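This report concerns only the one structure given below.
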Amino acid sequence: MKRLYHQAQIASEDSSQLQLGDVLVEGDRIIGVAPTISGVSDCEVIDCQGRILMPAMFDIHVHAREPGHEDKENIGSCAEAAINGGVTGFVMMANTSPTIDNAGVVRTVLESARRARIGSSIYVAGAITKGRKGEELAGIAGMKSAGAVMLSDNGHAVDNPQVLRRAMEYAKHFDMPIASHCEIKDLSGKGCMHEGKVSYALGLPGMPSISEEIGISRDVRLAEYTGVHLNIQHVTTAEGMSTIKRAKDRGIRVTCEITPQHLIFNQEHIGNYDTNYKMNPPLRTAEDNAALLNGLKDGWFDVIVTDHSPHTPFEKNQDFASAPFGITGLETALPSLFHHFVSKGILDWGLIVKRYSAEPRRMMKLAPVPVKEGGLAEFIVFNPERSMTFTQDFMKSKSINTPFIDQTLKGMVERVIYRGEELLVR
Ligand SMILES: [Zn+2]
1 MKRLYHQAQI ASEDSSQLQL GDVLVEGDRI IGVAPTISGV SDCEVIDCQG
51 RILMPAMFDI HVHAREPGHE DKENIGSCAE AAINGGVTGF VMMANTSPTI
101 DNAGVVRTVL ESARRARIGS SIYVAGAITK GRKGEELAGI AGMKSAGAVM
151 LSDNGHAVDN PQVLRRAMEY AKHFDMPIAS HCEIKDLSGK GCMHEGKVSY
201 ALGLPGMPSI SEEIGISRDV RLAEYTGVHL NIQHVTTAEG MSTIKRAKDR
251 GIRVTCEITP QHLIFNQEHI GNYDTNYKMN PPLRTAEDNA ALLNGLKDGW
301 FDVIVTDHSP HTPFEKNQDF ASAPFGITGL ETALPSLFHH FVSKGILDWG
351 LIVKRYSAEP RRMMKLAPVP VKEGGLAEFI VFNPERSMTF TQDFMKSKSI
401 NTPFIDQTLK GMVERVIYRG EELLVR
């Protein structure tokens, strides 16, 4: 049976404008895209008037917590959270227990991932160093052959520049990107939020912007020296962003990530010690929000990521200094970008498709999934007229540590189509 998605506003990375049209799906393929398609027999017609139809999202920075932290999340619940947010593929970070630092763990994790509904689109980043301790290199060659697509010690930086340099040389040899969490630990110390007027007012130890910025400068120079593809994770300061831009202009192979939370929130939101605003790198200043948003519009960021980081209420309900860093994001990212930026005309759908669907796939050497005849049917239908309240019941993630909990945002992911199959309809 064919399905006809009737009169949708179709988004593409190539245009800031939406195209009104019909999309016909059979099996796992799009078999027609045209202003109108009629006279199709044996066909279910789905009214998409007023809806956006766009390639499904892909997130290269996700903490699925399996193995070892299944009280927070497992790969299955993480996949369901992804689908709930219009995301049909992601790359898992290596800070599990045991750490994903050798071929055996990569294989085990990928086997477990295959049981998820989007199992063939779940990928694994291997650790850079054994146990993410920053001392000895992980089994990079073995992880590559077992299917790891990237290397990262995300959660913290590789402190020793010689260790990172060697890792970069290996990564270049194996044609894998290195993803860097940039932070100079001696500068961040025991900081739990951005160092600035709010941390002074709240009496909390701060993490200064220069901690991240010096980390970025160092890693960019090492990337230049080794020739590796370096991806800078979750950039949060205007200065760090400018450093990356200058490196790109000089031809260094560096890319970078931006998260919705670092565009929307800043240190002021921590006023009542709400741990749902505690993350690393921390929320910075309103000036950084504005600069990062301009950077995203101007093409300085390659990819949008969530850094989806589930934690249990038990952990997050501690005092601000003791609670773990990180918030969930897979289910809220797209609606929050729509609510705060797209619906106000600040960002357009073409940019969202490019940065949150096409470029992340390309960075992992995967094919993007544009809405075109002959292409894979992997898209979502988004209704800008409905709104969504992010209650605990709505969330498919095992964890609810997000500033959006119980908030209502404009826009709703109504349908998620994965390789021709409708995984979500509401
Ligand atoms: Zn992370």
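All residue numbers for the sequence shown refer to the UniProt record's numbering, where the first residue is 1 and numbers rise by one. C-beta: ideal position from N, C-alpha, C; glycine also. Small disclaimer: the values here were computed from a predicted structure and weren't measured.
query, result
"Confirm the yes/no value for this check: CB of Met241, any heavy atom of ligand 1, distance under 7 Å.", "no"
"Would you check whether ligand 1 has a heavy atom nearer than 7 Å to the C-beta of Asn401?", "no"
"Please give me, in chain order, every unbroken run of the beta strand (DSSP E) with length at least 3 that falls completely inside the region 61 to 144.", "87 to 92, 122 to 126"
"Check whether the Cβ of Ser309 sits closer than 7 Å to any heavy atom of ligand 1, and report yes or no.", "yes"
"Using 8 Å as the Cβ pair cut-off and three pairs as the minimum, do the region 284 to 303 and the region 169 to 181 touch?", "no"
"My guess is that Thr243 and Ile216 are in contact by the Cβ rule of under 8 Å, so how many angstroms apart are they, rounded?", "5 Å"
"Closer than 8 Å is the cut-off here; do at least three beta carbon pairs connect the region 20 to 31 with the region 81 to 101?", "no"
"Which of the three DSSP states, helix, strand or coil, is assigned to Val381?", "strand"
"Rounded to a whole number of angstroms, what is the C-alpha to C-alpha distance between Thr36 and His63?", "42 Å"
"By a C-beta neighbour count over all protein chains shown, 10 Å radius and 16 as the cutoff for buried, is Met168 buried or exposed?", "buried"
"Please report the residue range of the alpha helix (DSSP H) in which Tyr225 lies.", "209 to 226"
"Can you tell which of Ile352, Gln7, Tyr273 has the C-alpha that lies nearest to the C-alpha of residue 450?", "The structure shown does not extend to residue 450, since the chain is modelled only from 1 to 426, so the question has no answer here."
"If you measure between the beta carbons of Met54 and Trp349, is that distance less than 8 Å?", "yes"
"Do three or more CB pairs link the region 280 to 290 to the region 229 to 245 at distances below 8 Å?", "yes"
"Are the beta-carbon atoms belonging to Met412 and Glu331 less than 8 Å from one another?", "no"
"Mapping the DSSP letters down to three states, classify Gly240 as helix, strand or coil.", "helix"
"Tell me whether the beta-carbon of Met176 lies closer than 8 Å to the beta-carbon of Lys130.", "no"
"Measure how close the beta-carbons of Ser373 and Ile31 come, nearest whole angstrom, since I'm counting them as under 8 Å.", "Looking at the sequence shown, residue 373 is not Ser but Glu. That pair is a contact at about 7 Å."
"Going by Cα to Cα distance, which pick from Ala116, Arg117, Gly142, Asp101 is closest to Arg132?", "Asp101"
"So, using beta-carbon positions, are Pro403 and Phe265 closer together than 8 Å?", "yes"
"Cα separation between His61 and Asp219?", "19 Å"
"Using the Cα positions of Ala11 and Ile352, report the straight-line distance between them to the nearest angstrom.", "9 Å"
"Can you give me the Cβ contacts of Leu18 inside the same chain, cut-off strictly under 7 Å, excluding the 5 residues immediately before and after it?", "Gln9, Ile10, Ala11, Ile52, Trp349"
"Just mark Arg415 as buried or exposed, buried being the case when its beta carbon has 16 or more other beta carbons within 10 Å.", "buried"
"Can you tell me whether Glu135 is buried or exposed? The criterion is at least 16 other CB atoms within 10 Å of its CB, across all chains shown.", "exposed"
"How is the beta strand (DSSP E) around Pro55 delimited, first residue to last?", "52 to 55"
"Residues bridged to Thr408 by DSSP?", "Thr389"
"Only counting the same chain, and skipping five residues up and downstream in sequence, which positions put a Cβ closer than 8 Å to that of Asp28?", "Leu376, Ala377, Arg419, Gly420, Glu421"
"Relative to the C-alpha of His194, which candidate in Ser209, Ser112, Asp47, Arg221 has its C-alpha closest?", "Ser209"
"Between the alpha carbons of residue 431 and Tyr356, how many angstroms are there, rounded?", "Here the chain comprises residues numbered 1 to 426, so residue 431 is not present and cannot be evaluated."
"Taking DSSP's pairing of strands, which residues face Gly206 in a bridge?", "Met193"
"Could you compute how far the alpha carbon of Asp59 sits from the alpha carbon of Val91?", "6 Å"
"For the beta strand (DSSP E) that contains His6, what are its first and last residues?", "2 to 12"
"Work out the CA separation of Leu204 and Arg115 for me, nearest whole Å.", "43 Å"
"Pull the bridge partners of Met150 from the DSSP assignment, please.", "Ala125"
"Based on Cα-Cα distance, which residue from Leu263, Gly227, Thr259 lies nearest to Lys248?", "Gly227"
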